[in-house]
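All remarks here apply to the structure that follows.
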């Protein structure tokens, strides 16, 4: 399922102009961002959904120490995104302007 870009929530840190449609998370799209948007648009680690699926099938992505099996998995506030392939962890927090961003954490 998709959502038009101009109807996204205010805390999503992506521009309102751009491609017409975006992916939405499976559950609770009012409080979370889908994994594909995080990996592609925010962190810039993948170029498309196919690359993300390859990483997911290799079981190299965990959210809160749980292996993820879907590209639209919802990532909420204070969730920890672990990328085993590059050895980095990111925590979802709110910035001063009320936008969600991902801060790199140790461990």
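Numbering (the numbering used here), first residue to last: 87 to 193.
Glycine included, C-beta positions come from ideal geometry on N, C-alpha and C.
Bear in mind the structure is a predicted one, so any value in this text is a computation, not a measurement.
_Suppose you measure from the CA of residue 90 to the CA of residue 116; what does that come to, to the nearest Å?_
Taking the CA atoms as reference points, residue 90 sits about 14 Å from residue 116.
_If distances are taken between C-alpha atoms only, which option among 172, 168, 164 comes closest to residue 179?_
164
_Residues that DSSP places opposite residue 188 in a beta bridge_ = 178
*Using the beta-carbon count (16 or more within 10 Å), is residue 172 buried or exposed?*
With fewer than 16 Cβ atoms within 10 Å of its Cβ, residue 172 is classed as exposed.
*For residue 152, write down the residues that DSSP places opposite it in a beta bridge.*
DSSP lists 149 as partners of residue 152.
*Residue closest to residue 191, alpha-carbon to alpha-carbon, out of 169, 183, 182, 175*: 175
*Inter-residue Cα distance where the pair is residue 139 and residue 122*: 9 Å
*By how many angstroms is the C-alpha of residue 161 removed from the C-alpha of residue 109?*
13 Å
*Please look up how many angstroms separate the CB atoms of residue 148 and residue 168, rounded, as I've assumed it's under 8 Å.*
4 Å
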